[in-house]
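My numbering numbers the first residue of the sequence shown as 1183 and each following residue consecutively. Every residue gets a Cβ at the ideal spot worked out from N, C-alpha and C, and that includes glycine. One structure below.
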Amino acid sequence: MIQAEGKMKKTDRYIGLFLFGFLFCIQGCFLYEDDLPKDYGLSVEAVDIACTDAVFKVTALDSMLDWTCGLFRDDSLVLVDTLVGSGYVWDEGMEPNTSYAYSVAYLSSYDPADGSYTVKDESGEISFTTMETTSVEYDWQIFEFGDYNSQFNDVQIINENDIWVVGNITTDSTEYNSMHWDGNSWEYICNYIRCSIDLNGITHFSDSLIWVIVETAYPAKWNGSSWRVYSLYDMGLNMSSGLGSWAINENDLWFCGYDGAILNIKDGEFLKYQPTKEGDLLEIKASPNGEWVFSAGHSGPGALIQIHNGEAKIIEETVLGQTNIPNGKFGTVIAFSVTDTRLITKPTAIDMAMYNHESGLYKYIPKYATIVSTAVYNAGYRMCGDEMNDLYFISIYGHVIHYNGKDFKRVDGRFEVIENKDFLVRNATYDGHTLALCGMSKSSRKAVIIIGEKK
């Protein structure tokens, strides 16, 4: 019995050693498998490329929660952010007209103190070239019309030899509400049913298709033989709309107005948007591709509204007189321009801001203040341009600041009415070659239009 017991103990030892070895191997296999790289579905795409910055869409498995994303530019780690599944990152500090290679990686560890990191998985590489900067010089002309109490409210450029401007022009003999420039001379014109009715806006497609905004803040259409005023209340739309307008094409027009009202006349159908009733919307613009529409106002409470795929949402809403603007917010937007990929604004809270449509990310450019705050007053009352390397910030007095994608430069004609701050700008427009500002002279009370042609 004693021998038998001893043999069983020896057998137990063999079995124990075998099990220990087996478990050790299994554990080792699991540890080894854990250390192997895994495919987390990482990819990166540049969705918005400018001169010195770009926005990237990072794709990853939805199951990846709070993972550390590293963005690599030319094999150097330039940005670290925490994402939940897929997301977006915005990189800056590039040079214009320069080629770069980018990739993203899942960082299993990152030490911000010394920049060290370990990579768990990485995407493939993409490459692109940043935008070139632009350089512009202008030949300027200035024109004054009418007598006391005349002013221009809106201007439209068909081309350098076909410019329309509307408002109220009072002469010794009569009143007019429109004028036309053919490249050599101006013609007084009476648009709408009476010349004495002021016009606040114009969209001229042809001599048989003209849209105007009349002083009562309603859109009106000329069909070549007669005018039709669109009384929105009679159509069941409890809104006034007509402070600002924008045409994507002749079958897709946008109007904004009082109490946050936005009207889209598309293919004969009237579509109403009113995500807020607080404050009046003074300006509306669409991206060149027509996919994104923005409207903003700073009369009373401020609002910045985005419309995409038939859905309107408030990006920013501020209370009148609000001074404590939270981080990551614009504040009340005074003026803006829209490209196919981003919105550029001159808000009250900061110097200059950009907003990427697709991602909803913000970016600020404080350098704007270094030239504007010392050279001109409020150079952001109006904005023109739809390319990131060719934007114009226009002050209420007619100073024109050009942004070439990297730097700012004053490019206006420095006329006496501008230098003396006698010119009050009402509106401005730009077609890629010609820049026009319209308004009035404070001292003479005449209607004023300033036209600049690129040299």
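Top-ranked residue by Cα proximity to residue 1698, from 1605, 1632, 1627: What the structure shows of the chain is the stretch from 1183 to 1637, and residue 1698 is not part of that stretch, so it cannot be assessed.
For my contact list, residue 1608 and residue 1350 are in at a C-beta cut-off of 8 angstroms; report their separation, rounded to the angstrom. No, residue 1608 and residue 1350 are not in contact; Cβ-Cβ is about 11 angstroms, not under 8 angstroms.
Can you list, in chain order, the residues of its chain whose CB lies under 6 angstroms from that of residue 1384, leaving out five sequence neighbours each side? Excluding positions up to five away in sequence, the list reads 1336, 1338, 1346, 1348, 1394.
Just the Cα atoms here: how many angstroms apart are residue 1577 and residue 1622? 14 angstroms
How many Å lie between residue 1538 and residue 1233 at the Cα? 15 angstroms
With DSSP as the reference, identify every bridge partner of residue 1566, one or two as the case may be. 1574
Would you check if the distance between the CB atom of residue 1632 and the CB atom of residue 1428 is smaller than 8 angstroms? no
Counted within 10 angstroms of its Cβ, other Cβ atoms place residue 1496 as buried (16 or more) or exposed: exposed
What's the C-alpha gap between residue 1536 and residue 1568? One Cα belongs to residue 1536, the other to residue 1568, and the distance between them is close to 13 angstroms.
Can you give me the start and stop residues for the beta strand (DSSP E) that residue 1599 sits inside? Taken as a continuous stretch (DSSP letters only), residue 1599 belongs to no beta strand (DSSP E), being part of the alpha helix (DSSP H) at 1598 to 1601.
Exposed or buried, what is residue 1300 when buried is set at 16 or more other beta-carbons lying within 10 Å of its beta-carbon? exposed
Go through its chain and collect everything with a Cβ distance to residue 1372's Cβ below 8 angstroms, but skip five positions before and after it. 1358, 1359, 1360
Taking the beta carbon of residue 1630 as the centre, do at least 16 other beta carbons fall within 10 Å, making it buried, or is it exposed? buried
Span of the beta strand (DSSP E) holding residue 1410? 1409 to 1411
Local conformation of residue 1622 per DSSP, three classes: strand
Which word fits residue 1618, buried or exposed, when buried means at least 16 other C-beta atoms lie within 10 angstroms of its C-beta? buried
For residue 1464, which residues does DSSP report across the bridge? Answer by DSSP bridge pairing: none, since residue 1464 is not bridged.
Taking Cβ to Cβ, would you say residue 1514 is nearer than 8 angstroms to residue 1469? no
Could you check where the beta strand (DSSP E) with residue 1362 kicks off and where it finishes? That run of the beta strand (DSSP E) goes 1357 to 1363.
Length of the line joining the Cα atoms of residue 1341 and residue 1625: 31 angstroms
What residue ranges within the stretch 1214 to 1295 form continuous beta strand (DSSP E) runs of no fewer than 3 residues, ordered along the chain? As for any beta strand (DSSP E) of minimum length 3 sitting wholly inside the stretch 1214 to 1295, the runs are 1225 to 1231, 1235 to 1241, 1249 to 1255, 1258 to 1265, 1269 to 1274, 1281 to 1293, ordered along the chain.
Nearest candidate by alpha-carbon position, reference residue 1580, set 1591, 1589, 1606, 1588: 1606
To which residues does DSSP link residue 1437 through a beta bridge? 1427, 1445
Residue environment, residue 1312, which counts as buried when at least 16 other CB atoms sit within 10 Å: buried
For residue 1264, count the other beta carbons within 10 Å of its own beta carbon; 16 or more makes it buried, fewer makes it exposed. Which is it? The residue in question, residue 1264, is exposed, as its Cβ has fewer than 16 Cβ neighbours within 10 Å.
For residue 1330, does the count of other Cβ atoms within 10 angstroms reach 16, so buried, or fall short, so exposed? exposed
C-alpha gap between residue 1281 and residue 1314, whole angstroms: Each residue's alpha carbon lies about 11 angstroms from the other.
Taking just the CA atoms, how far does residue 1474 sit from residue 1227? 20 angstroms
Which same chain residues, not among the five before or five after residue 1604, have their C-beta less than 7 angstroms away from its C-beta? 1623, 1624, 1625
May I have the straight-line CA-CA distance separating residue 1571 from residue 1376, to the nearest angstrom? Cα to Cα, the separation comes out at about 42 angstroms.
Taking 7 angstroms as the limit between beta carbons, can you name the residues of its chain near residue 1266, skipping five residues before and five after? 1247, 1248
Helix or strand or just coil, what does DSSP make of residue 1397? coil
Under the three-state reduction of DSSP, which class applies to residue 1200: helix, strand or coil? Note that residue 1200 scores 49 on pLDDT, short of 50, meaning its location in the model is unreliable; the coordinates nonetheless yield the value given after this. Residue state, collapsed to three classes: helix.
Exposed or buried, what is residue 1564 when buried is set at 16 or more other beta-carbons lying within 10 Å of its beta-carbon? buried
Would you tell me roughly how many angstroms separate the C-alpha atoms of residue 1525 and residue 1487, rounded to the nearest one? 11 angstroms
Near residue 1205, which residues of its chain fall below 7 angstroms by C-beta distance, leaving aside the five closest residues on each side in sequence? Because residue 1205 sits at a pLDDT of 46, beneath the cut-off of 50, its placement in the model cannot be relied upon, and the following sentence gives the value as read from the coordinates. There are no such residues.
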